[in-house]
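Let me begin by presenting the structure, written as structure tokens, before commenting on it.
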């Protein structure tokens, strides 16, 4: 029986410490192939590149592990890997480890999660990992153990069709971590506060900044888990239908 | 009582015929403010701009209607509108009319829908409209009537909290349209087929192309509605939790 094939991607770029730790976390579980952006692609959401051509270049920065860097978004990387790099469907796609949280509503903005989402759309069991620490030199040692454990479980148990996992790891020392919780996405949001400035030519410009607002009191949410010392694991799907709203809409008068 | 405030955005850019038709469709329903990208932003998914500053410029191309063009993504446009342009929360956000379908899985890749999604996250009743015709000179006359009817219904009835609408209009003559259907998102996907070419310097590059594959036989889907002459209306939400997968995951051994 051949070893499991594991595709690794991320959104912080192929040289980021997070993806190097993720490769270390899963390389003993199967044959690893890396296809990741050649530059940071944070907050790219589920963007794909249709208006310009993509580059895909082999790189030896991972030694004997096959690795490609791509000029596109995380979703582009997965699409290119499936169509042009891999000779069979991977058994697992792991994305990350992201430098910074992708909990709650951030799943929508996250490039890390869009790589995992694209994998799930392709029918590949997929998971995105994020450490709640934005620093380049964050300590990934515990996050790496989480990545190994969750990846082993997916290889062993599979995932329900059409679902992927969003795993966030609190920025705590290992002995402060209480365990892991299966959660729902908290109903939280960003309150944007654009920082308005004037350039040397006298024209205005804006930097996006914001405050994260969590009004969700539920103790079954990812935000609760993270705030209370647990690794949060949210099963995610790509059927965005609000099924509960269908009866309400069926009462509308939509004569056109 | 003041008139409803209606924010208009899109992803094809502020000069596209689709958004001009949308403005025509809703301008008699309230006070319209337009904040849209200054260039095409198709397939941007839910990307937001964090690594470079944003420009926001007032334009008089819509005559007396307040209009701004923004250098960012559709989601950026909505965030800037809410924080910097509008003096109160809009009563309605309309996005589009997109040149091309955003049915099924395309809701994830669509810039049009990401503007509407960002509105919904802000608590604004929101809808994205798409005409199943990519042409610049597509006939928007019937799509415009759909936009008026759906927008009036939202202003009158509201939308359940946390939901928005994804409305797609078949590329048919008005007398061929059978009506509208409230649908679920079809379980369909793109099978990518990258077109590999060689540049004048001998380096390879790739264009993303693909085939749309719909294996979903359900007659309650948006794809079924569109193929059978109906306008499809899918209620969408931004809780991506796959709630049905939680019991399965709770049986895993996640000792780390």
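Residue numbers (the numbering used here), protein chains in the order written: chain A, 21 to 276; chain B, 21 to 276.
For glycine and all other residues, C-beta sits at the position ideal for the given N, C-alpha and C.
Among the residues of the segment 249 to 264 of chain B, those with a Cβ less than 8 angstroms away from any Cβ of chain A are 251, 253, 254, 255, 256, 257, 258, 259, 260, 261, 262, 263, 264, in the order of the chain. In chain B, no part has a C-beta under 8 angstroms from the C-beta of residue 89/A; the shortest such distance is about 13 angstroms. Ranking 157/B, 68/B, 238/B by CA distance to the CA of residue 230/A puts 68/B first.
Burial check for residue 181/B: the Cβ neighbour count within 10 Å stays below 16, so the residue is exposed.
Residue state for residue 264/A is assigned as helix, using DSSP reduced to three classes. Taking CB atoms only, residue 69/A has a neighbour in chain B less than 8 angstroms away. Under DSSP, no beta-bridge partner is assigned to residue 271/B. Burial check for residue 156/A: the Cβ neighbour count within 10 Å stays below 16, so the residue is exposed. Of all residues in the segment 95 to 123 of chain A, the ones placed with a Cβ closer than 8 angstroms to any Cβ belonging to chain B are 95, 96, 99, 100, 102, 103, 104, in chain order. Collapsing the DSSP output to three states places residue 90/A in a strand. Identification of chain B residues near residue 232/A by a Cβ-Cβ cut-off of 8 angstroms yields none; the smallest Cβ-Cβ distance measures about 12 angstroms. When Cβ-Cβ separations below 8 angstroms define contact, residue 218/B makes no contact with chain A. By DSSP's assignment, residue 57/B forms a beta bridge with 90/B. The beta carbon of residue 48/B does not come within 8 angstroms of any beta carbon belonging to chain A, so the residue lies off that interface. A residue is called buried once 16 or more other Cβ atoms fall within 10 Å of its Cβ, and residue 59/A, having fewer, is exposed.
When rounded, the separation of the alpha-carbon atoms in residue 47/B and residue 27/B is 10 angstroms. Comparing alpha carbon positions, the residue from 76/B, 82/B, 117/B, 118/B closest to residue 98/B is 76/B.
Of 114/B, 199/B, 232/B, 96/B, the smallest CA-CA separation from residue 213/B is found for 232/B. Classified as exposed, residue 223/A has fewer than 16 neighbouring CB atoms from the shown chains inside 10 Å of its CB.
Counting only residues of its own chain and dropping the five nearest sequence neighbours on each side, residue 204/A has a CB closer than 8 angstroms to the CB of 238, 240, 241, 242, 254. Listed along chain B, no residue sits closer than 8 angstroms to residue 245/A by beta-carbon distance, the nearest being about 12 angstroms off. Using a Cβ-Cβ cut-off of 8 angstroms, residue 65/A counts as an interface residue toward chain B, since at least one Cβ of chain B sits closer than that to its own.
Cβ-Cβ distances below 6 angstroms link residue 79/B to 87, 89 in the same chain, with the five nearest sequence neighbours on each side left out; the list follows chain order.
Bounds of the beta strand (DSSP E) holding residue 232/B are 230 to 234.
Listed along chain B are 74, 99, 100, 103, 104, each with a C-beta nearer than 8 angstroms to that of residue 214/A.
Between the alpha carbons of residue 215/A and residue 226/A lies a gap of roughly 5 angstroms.
The C-alpha of residue 160/B lies about 25 angstroms from the C-alpha of residue 140/B. With its beta carbon less than 8 angstroms from one in chain B, residue 204/A belongs to the interface.
By the CB criterion at 8 angstroms, residue 71/B and residue 131/B fall outside the cutoff. Within the same chain, and ignoring the five residues on either side of residue 34/A in sequence, the residues whose Cβ sits closer than 6 angstroms to its Cβ are 56, 89. By the rule that beta-carbons nearer than 8 angstroms mark a contact, residue 156/B does not touch chain A.
In the three-state DSSP reduction, residue 39/B falls in the helix class (H, G or I). When C-beta atoms of the segment 144 to 152 of chain B are compared with those of the segment 184 to 199 of chain B, three or more pairs fall below 8 angstroms, so the two segments count as touching.
At least one C-beta of chain A is nearer than 8 angstroms to the C-beta of residue 165/B. Runs of the beta strand (DSSP E) lying entirely within the segment 101 to 129 of chain B and spanning at least 3 residues, in chain order: 112 to 119. Among the residues of chain B, none has a CB under 8 angstroms from the CB of residue 235/A; the nearest is roughly 11 angstroms distant.
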